[in-house]
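When we follow our numbering, the leftmost residue of the sequence shown carries the number 5, and every step to the right adds one.
Backbone N, C-alpha and C define an ideal beta-carbon position, used for all residues, glycine too.
Scroll down for the structure; my scribbles are underneath it.
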Amino acid sequence: MHQYLLNPLSQLPGLTPQKAQALAGELALNTWADLLYFFPYRYENRQHFEPIAKASEGDTLQVKGTLIQKPELVGTGFNRRLVAIIQDSTATIELVWFKPQPWLEKKLIVGLEYVAYGKVARYGGKYSIAHPELDVFTQTYAPPKFLNPVYSLTEGLRKKKLDRKAIESVMQLLFKQVYPYLEENLPESIIDNYRMVSRKVALLNVHFPKSQELLEKAKFRIKFEELFFLQIGLLQTNYHQKEANPGLLCPKTDLVHEFYLNHLKFQLTGAQKRVLKEIHHDLNTGQQMNRLLQGDVGSGKTIVAFVAALMAISNGYQAALMAPTEILTEQHAVGLGELAALCGIPCAKLTGNTKKKERDQILASLKSGELKLIIGTHALLTDTVIFNNLALCIIDEQHRFGVAQRAKLWAKGRQCPPHVLVMTATPIPRTLAMTLYGDLDVSIIDELPPGRKPITTRHIYDTSRERIFDFMKKEIALGRQVYVVFPLIEESEKIDFENLQEGFQRISEAFPAEKYLTVMVHGKMPKEERDAQMQLFIEGKAQIMVATTVIEVGVNVPNASVMVIESAERFGLSQLHQLRGRVGRGADQSYCLLVTGVKLSKESFVRLETMERTTDGFEIADVDLRLRGPGDLAGTQQSGVVDLHLTDLSADAKIVELSRQAAKELIAADPKLELPEHLPMQHWMHTQKMRKQSEWRKIS
Ligand code: ADP
Ligand code: MG
């Protein structure tokens, strides 16, 4: 058992109470396990000496050389420094100290050999190491047996004398206690299969790596383990959810066939068909469906949602679709409403703005079961909304709904919770989806409807505005419409708003009212006015729509073929991708112009270049993940599952897949971990749970 790992640090033999307190206060390290899993963030290789001639700027390295002349104080003021020169058989290098301590000069003796370690800089053609770690090289000098670990420390710790060396010796105290008892927590078959080192070897070598090779092996093993247990947890949740929650059966598909035969105007794509098959299968297992549907903008999720609803309704049940905003709800209500009307299915929309009389009617017909399809906002979650027999709930844009809301929704089923289909247009990199949504089954629409022309995307500097306007005029002359989007964020709202007004002014001058109609919409406008302006654009009366990001999840105007994004450097990648998805919905060639200032950060360049290069949402999401890290991506903050010590979800995609696969196979064979060979896993998971619980007690 791993119980000893739960010991408080204050009980670590050799560690003073003051130090234990400092570690708890500064780094939240409270138990032996906390310390054991506090990993170095980098390592210094001081096992070898590099030839001085190999030094180049920015390297951190260790050299050995003889002091060839008496060190000199040079420079004045801030620049006053002590300079010593050492030499090996290949070259010389300067060692430099600003504000040198008096004892230093005494330590530096011409003719002695020194070991110096530090970062190489280059000034005036000469290489130097400033403030090197310096030791005299003697006959008894022995190179360290391992790579030196470097832990991430705080100023507070350093003040309490817990510097690098001190932490290293604390770790050694810990290993003295725990090393003999470190037990394996993975089944042997998995260790063999993936040629992993044992847990013991891994933990020792991640703190005190004997070699670079062993370090890599240790890291692989620890990352694998982190992800593997995360996956096991998620898959078990999924398994228990299904065990615990029966789902209504939906075997009949009459309405689906009728819809295919009489009303569907196009062929479903292969991806759409595959996803619908997966959903139909889920609706007939007798267990609750919890499925995530991912598909890029324009990939045709709406029709999939509708057919899924038909599956429920064919069996006499009700279906609901919930969207995060009024605009999106309205759009779904129009789109799905049309399809429902074709099939003769009673359908209604419910939002916070629905008038009382209409609301009462809707509520009554939902309760009686007469209303089959309801489309709404959060308003659907209120207690007064009572269904007769809700079988399926479709949620658009999952990440804006919290866990509590999901629970409320579950309670809406009468006999059992409704099946849940979550749709998202924000492509999530596969690795992240596996960790974030591991408890959901995932379907992916990875194919666009045929005949779509890829959108041409160009980055243009705002100094070429004439060219942009000319291009807009050309497209408008062909009968097309144009969006011009400005950023508007809270922190700089006032300036952004002025920019928007200015931009509108500029466009109005370049596109005179005699010939063109330009509308403007933004979040600050009264709703009626905004709707009226939008309507002009939707009907094709206005050629240009100047807008803030309110259109991000809004209108669908197939005739619009140009998206101009102003100050594009200020938008995130996924936001740019979503905005671009507003065009390219019709048969015409569409364009996206990314307009920026001339001063751009490196990261902005990567974003713009990515947008020009690809329209693949998943590829874009991958770049986004690399640029920003998982913590920033939509939904991850609230999920709390990204609790990984060593794993980097974007860099370690391969390990994510391997561990997921291993976990899947294991859970399929032994969902409750009852086999004797899985006992060590049970023990470890139990210890982890106890750790979490004691953490929670501390917080609450
Ligand atoms: P999204 O996934 O962004 O919600 P939509 O469902 O709005 O995408 O679909 C975008 C457009 O593509 C709609 O106009 C829809 O009618 C059309 N569409 C969807 N599936 C197909 C298909 N298989 N063939 C042709 N057009 C399709
Ligand atoms: Mg959609």
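Looking at the strands, I want to know which residues DSSP matches up with residue i.
{"i": "residue 206", "result": "Its beta-bridge partners do not exist; DSSP assigns none."}
{"i": "residue 250", "result": "291"}
{"i": "residue 397", "result": "324, 424"}
{"i": "residue 524", "result": "550"}
{"i": "residue 46", "result": "154"}
{"i": "residue 102", "result": "85"}
{"i": "residue 97", "result": "90"}
{"i": "residue 12", "result": "35"}
{"i": "residue 353", "result": "379"}
Helix, strand or coil for residue i per DSSP?
{"i": "residue 616", "result": "helix"}
{"i": "residue 570", "result": "coil"}
{"i": "residue 225", "result": "helix"}
{"i": "residue 594", "result": "coil"}
{"i": "residue 603", "result": "coil"}
{"i": "residue 628", "result": "helix"}
{"i": "residue 317", "result": "helix"}
{"i": "residue 267", "result": "coil"}
{"i": "residue 126", "result": "strand"}
{"i": "residue 512", "result": "helix"}
{"i": "residue 655", "result": "coil"}
{"i": "residue 544", "result": "coil"}
{"i": "residue 114", "result": "coil"}
{"i": "residue 462", "result": "strand"}
{"i": "residue 450", "result": "coil"}
{"i": "residue 281", "result": "helix"}
Report the CB separation of residue i from residue j in whole angstroms; it is logged as a contact under 8 Å.
{"i": "residue 233", "j": "residue 659", "result": "About 13 Å separates the two Cβ atoms, so there is no contact after all."}
{"i": "residue 370", "j": "residue 390", "result": "7 Å"}
{"i": "residue 316", "j": "residue 395", "result": "4 Å"}
{"i": "residue 378", "j": "residue 352", "result": "6 Å"}
{"i": "residue 384", "j": "residue 293", "result": "The pair is not a contact, with the Cβ atoms about 18 Å apart (cut-off 8 Å)."}
{"i": "residue 243", "j": "residue 569", "result": "Going by Cβ atoms, the distance from residue 243 to residue 569 rounds to 45 Å, so no, they are not a contact pair."}
{"i": "residue 235", "j": "residue 663", "result": "6 Å"}
{"i": "residue 321", "j": "residue 252", "result": "6 Å"}
{"i": "residue 514", "j": "residue 473", "result": "5 Å"}
{"i": "residue 346", "j": "residue 267", "result": "4 Å"}
So, using beta-carbon positions, are residue i and residue j closer together than 8 Å?
{"i": "residue 687", "j": "residue 598", "result": "no"}
{"i": "residue 432", "j": "residue 134", "result": "no"}
{"i": "residue 296", "j": "residue 441", "result": "yes"}
{"i": "residue 107", "j": "residue 86", "result": "no"}
{"i": "residue 254", "j": "residue 209", "result": "no"}
{"i": "residue 125", "j": "residue 95", "result": "no"}
{"i": "residue 92", "j": "residue 111", "result": "no"}
{"i": "residue 584", "j": "residue 596", "result": "yes"}
{"i": "residue 192", "j": "residue 678", "result": "no"}
{"i": "residue 137", "j": "residue 122", "result": "yes"}
{"i": "residue 492", "j": "residue 553", "result": "yes"}
{"i": "residue 590", "j": "residue 565", "result": "yes"}
{"i": "residue 348", "j": "residue 448", "result": "no"}
{"i": "residue 114", "j": "residue 143", "result": "no"}
{"i": "residue 44", "j": "residue 211", "result": "yes"}
{"i": "residue 62", "j": "residue 302", "result": "no"}
{"i": "residue 511", "j": "residue 525", "result": "no"}
{"i": "residue 55", "j": "residue 34", "result": "no"}
Rounded to whole angstroms, what is the Cα-Cα separation between residue i and residue j?
{"i": "residue 429", "j": "residue 452", "result": "13 Å"}
{"i": "residue 147", "j": "residue 129", "result": "31 Å"}
{"i": "residue 465", "j": "residue 547", "result": "23 Å"}
{"i": "residue 15", "j": "residue 153", "result": "24 Å"}
{"i": "residue 197", "j": "residue 6", "result": "25 Å"}
{"i": "residue 60", "j": "residue 78", "result": "24 Å"}
{"i": "residue 373", "j": "residue 690", "result": "46 Å"}
{"i": "residue 457", "j": "residue 342", "result": "26 Å"}
{"i": "residue 571", "j": "residue 490", "result": "7 Å"}
{"i": "residue 470", "j": "residue 609", "result": "23 Å"}
{"i": "residue 46", "j": "residue 309", "result": "48 Å"}
{"i": "residue 336", "j": "residue 500", "result": "30 Å"}
{"i": "residue 616", "j": "residue 139", "result": "53 Å"}
{"i": "residue 603", "j": "residue 573", "result": "10 Å"}
{"i": "residue 331", "j": "residue 502", "result": "25 Å"}
{"i": "residue 261", "j": "residue 307", "result": "14 Å"}
{"i": "residue 105", "j": "residue 48", "result": "26 Å"}
{"i": "residue 28", "j": "residue 120", "result": "34 Å"}
{"i": "residue 149", "j": "residue 83", "result": "38 Å"}
{"i": "residue 362", "j": "residue 446", "result": "37 Å"}
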